[in-house]
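Novice: In the order they appear, the protein sequences are chains A and B. Quick note: the first sequence uses our numbering, first residue 13, plus one each step. Quick note: the second sequence uses our numbering, first residue 1038, plus one each step. For every residue, glycine included, the Cβ atom is placed at its ideal position computed from N, Cα and C.
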Amino acid sequence: MITLFVLIPALIGLLCLLIKSSALRVTMIVAATLHLGLTVSTFFCDFEPFYHGWFAINSASQLFLLALSVLFFVVACYSRDYMGLNSRIIKYEARYSCCMLLMLSAMSLVLLSRHFGVMWIAMEATTLFSAPLIYFHRSHTSLEATWKYLMICSIGIALALLGNILLAYAYRSVDSPLLLDNLLPLAASGDIKWLKAAFIFFVIGYGTKMGLAPMHSWLPDAYSEAPPPVSAIFPALMHCAFLLVMRVGEVCQAAGLGAFRNEILIFFAVASLLFAAIFIIGQKDYPRMLAYSSIEQIGLMTLGAACGVVGMVGSLLHMLNHTMIKGMLFMISGNILAIYRSRNVNKVGGMLQISPLTGIMWLAGFMAITGLPPFGMFISKLMIIRSMLDSGVSPIVFVVLLLLVMIFIGMLVAFIPMTMGSAPSGTTLKPSNPRLRWLLLPAAVLGLISLILGVCVPNTIYRLIMDAAAILSG
Amino acid sequence: MINLIFAAIVLSCLMLSVSSRIKSCIHIVAIQGAIVSLFPLLLNAIDTELLVLVVITISVKAIILPLMLLRSMRIAAVRREVEPLISYPISIAVSIAGLLFSLWIASRLPVTETIHGSSLMIVAPFFMMFTGLFLIVSRTKALTGIMGYLVFENGIYLFGGVLGLEHNFIVEVGILLDVLVMVFVAGVAIFHINRKFDHIDTGRLTHLNEDPMDGER
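#1: From the DSSP output, in three-state form, read off B:Gly1252 for me.
#2: Check each candidate in A:Ile419, A:Thr54 and A:Met227 and name the one with the smallest Cα separation from A:Leu16.
#3: Rounded to whole angstroms, what's the CA-CA distance from A:Leu123 to A:Gly175? Just pull it up for me.
#4: Helix or strand or just coil, what does DSSP make of A:Phe56?
#5: Taking CB distances under 8 Å as the criterion, tell me whether A:Met379 reaches chain B.
#6: Does any heavy atom of the ligand HEM sit closer than 7 Å to the C-beta of B:Glu1203?
#7: Touch check for the region 457 to 468 of chain A and the region 411 to 420 of chain A: three-plus C-beta pairs under 8 Å?
#8: Does the contact criterion of 3 or more C-beta pairs under 8 Å hold for the region 37 to 57 of chain A versus the region 296 to 305 of chain A?
#9: Label B:Arg1176 either buried or exposed according to how many other C-beta atoms from any shown protein chain fall within 10 Å of its C-beta, with 16 as the threshold for buried.
#10: Could you tell me whether the region 147 to 155 of chain A touches the region 177 to 186 of chain A, where touching means 3 or more Cβ pairs closer than 8 Å?
#11: Does A:His334 come out as helix, strand or coil in the three-state DSSP assignment?
#12: Should B:Asp1084 go down as buried or exposed, given a rule of 16 or more other Cβ atoms within 10 Å for buried?
#13: Expressed to the nearest angstrom, what Euclidean distance is found between the alpha-carbon atoms of A:Ser185 and B:Val1089?
#14: Spell out the partners DSSP gives A:Ser125 in its beta bridges.
#15: Does the Cβ of B:Met1038 have 16 or more other Cβ atoms within 10 Å, making it buried, or fewer, making it exposed?
#16: Less than 6 Å between C-beta atoms, sequence neighbours within five positions excluded: which residues of the same chain meet that for A:Leu162?
#17: In chain A, what lies closer than 7 Å to B:Val1218 by C-beta?
#18: With H, G and I counted as helix, E and B as strand and the rest as coil, what does DSSP make of A:Phe17?
#19: Between the region 1187 to 1214 of chain B and chain A, which residues of the former have a C-beta closer than 7 Å to a C-beta of the latter?
#20: Express the C-alpha separation of B:Leu1195 and B:Phe1076 in angstroms, rounding to a whole number.
#21: Measuring CB to CB, does A:Pro385 end up less than 8 Å from A:Leu463?
#22: Between the region 1038 to 1057 of chain B and the region 1163 to 1179 of chain B, are three or more C-beta pairs nearer than 8 Å?
#23: Roughly how many whole angstroms lie between the Cα atoms of A:Asp93 and A:Leu349?
#24: Which whole-angstrom value describes the C-beta separation of A:Met250 and A:Met222, a residue pair presumed to lie in contact below a C-beta threshold of 8 Å?
#25: Can you tell me the Cβ-Cβ gap for A:Leu171 and A:Gly217, rounded? I've got them flagged as a contact below 8 Å.
#26: Return the residue from the list A:Leu465, A:Ser406, A:Val405 and A:Gly65 that minimises the CA-CA distance to A:Ser188.
#27: Cβ of B:Gly1252 less than 8 Å from any chain A Cβ?
#28: Using a 10 Å radius around the Cβ and a threshold of 16 neighbouring Cβ atoms, would you call A:Pro407 buried or exposed?
#29: Taking the straight line between their C-alpha atoms, what separation do you get for A:Val82 and A:Leu277?
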């Protein structure tokens, strides 16, 4: 049963290469619906572990799978209209659908596998399937972004392979040492020095994919060059890598290296917040700004993960919110780009007059991503900060709050002139395409989910997050 | 025997960092791939599974990947040299420094078992990883970047072999498949870079920076 999560998207994805009509868009939605249906069914029936326990579902993977599945479904609906927007891109549509579905398949494999070797293979596969998607628009700059993405992520993930080897050597006495469930009960028997080295390589390796600073350099380029539906999926990809680091963290925790794990995570988290703050202030390119904001969010998640169970709960809630809101913002940014044909903040203005709906949602997205109530990120950020105070890292709390304020101001300065005021003179605005309004619907759905998460977290999700946090923080 | 393999790897790495022709670099990468894939036969008890694995590994690392690289080279019509950012004398100095560094790391590793009585072998994977990274950062051609990645990956593979870790058929084949697809995707990217820019010089891929761009994506 569990294999269906991987097989269905992969097979339908390959099938997409054979279909050459508008049926493609429906195919992608069908695949996304099937995947979502499977994910929902995990709440009602038990999925047996598969292949000697190499593939299994626990609360943590269920939570990440839910976020991925919902996001992918919405993105598939968005793609349907997005592809109709421009006749020039239609000829690449088969390849686009194929790569998107293969990426979904690989991401599901990352989430469901319990064997570090398989996780590595699946993670590298996500890189390879997403690289052609970044090159979707076939411009010089997108090619450059693709090359950077491919090289930096592949080398980063190769470092994680080194981590695999070090981990296997640390537990050379254990039978098949890369299987997480074999490892955890015997974690204390490992060779601590090698385990420490392994953890560092895992954090650097998968951290590259997560976008942790200072390994983030591919991220702003890839996010801003990829078409909006692909950028909208990328946060889910970052979260997959986050889960992998947390799984190695589980082993560290079980081996009594909790403090060491937390130190390393806090270092990279604060570095990420710092880089995000520096580059968001004065940023003139709004897709890049969203990319740096992703680095900020992943930094916050990592920070929460290093601060006990409460922090982990906040971090997982943050993960859900970030998936939804970043997806929403990238979808709206696609709209803004279609209207203004510029990525420069200064050349976008008066959105509330020109396209009121886009403007309102862009503002709502701004409130959501900076953690203003009533959106869900308010609560998750609060929990993360609270957990930091509890775990006694107060000097860092001060620094983190300062950086968050800087990021807030940096984004405010860009978002307000974009929506309010009047359109800058000399810009030729594209006559409003009726399709653009339809493109806002999927974004609104994601925003609504984040709003619901902010007002009251549904009981099922709440329990799922609690269970997952208990597992991941050991 | 082990010392001979060690010498072969060190020499090939040194040659990689000073070789000026892409074609000879590809040949060296193929030879290294062959050495690295045959290595597990020395340490482990030979059974069918291991033999099949070695055959698959050697055919990918020593035959298919180099052929793909040669094909990308022909497509991109690279005839000129590898175009180092760092001159050859400095390259060799850096390489030797890297070798010393690898020796230092290896001497500090708490590896209790020596491999067939030779503790030198543990140095080789580190030197390969170092050479791979050095090739990536010091050469401008996209093709040398991929070669660097392959050398790096071979080094990691050899490290696993030297530590004598048990082989897991599915995982190893999966990793090989990933590397294969990576080189394939990178080859396609090189083809497009060559067509769009009339060069495959990654040192000149500098359009993306913090300044905003106009126009449709």
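Specialist: Considering the structure as presented:
#1: Unreliable positioning characterises B:Gly1252 in this predicted model, as indicated by a pLDDT of 44, which lies under 50. A coordinate reading is not provided.
#2: With respect to the C-alpha of A:Leu16, the residue from A:Ile419, A:Thr54 and A:Met227 having the closest C-alpha is A:Thr54.
#3: 19 Å
#4: coil
#5: no
#6: The ligand HEM is absent from the structure shown, which contains no ligands of any kind.
#7: no
#8: no
#9: buried
#10: no
#11: helix
#12: exposed
#13: 25 Å
#14: A:Phe67
#15: exposed
#16: Ala143
#17: Leu140
#18: helix
#19: Taking 7 Å as the cut-off between beta carbons, the residues of the region 1187 to 1214 of chain B near chain A are Phe1189, Glu1190, Ile1193, Phe1196, Gly1197, Leu1200, Leu1202, Asn1205, Val1208, Gly1211 and Ile1212, in sequence order.
#20: 8 Å
#21: Contact flag unset, no.
#22: yes
#23: 15 Å
#24: 5 Å
#25: 4 Å
#26: A:Gly65
#27: The predicted model places B:Gly1252 with a pLDDT of 44, which falls under 50 and marks its position as unreliable, so this point remains unresolved.
#28: The residue in question, A:Pro407, is exposed, as its Cβ has fewer than 16 Cβ neighbours within 10 Å.
#29: Going by the C-alpha atoms only, they are around 28 Å apart.
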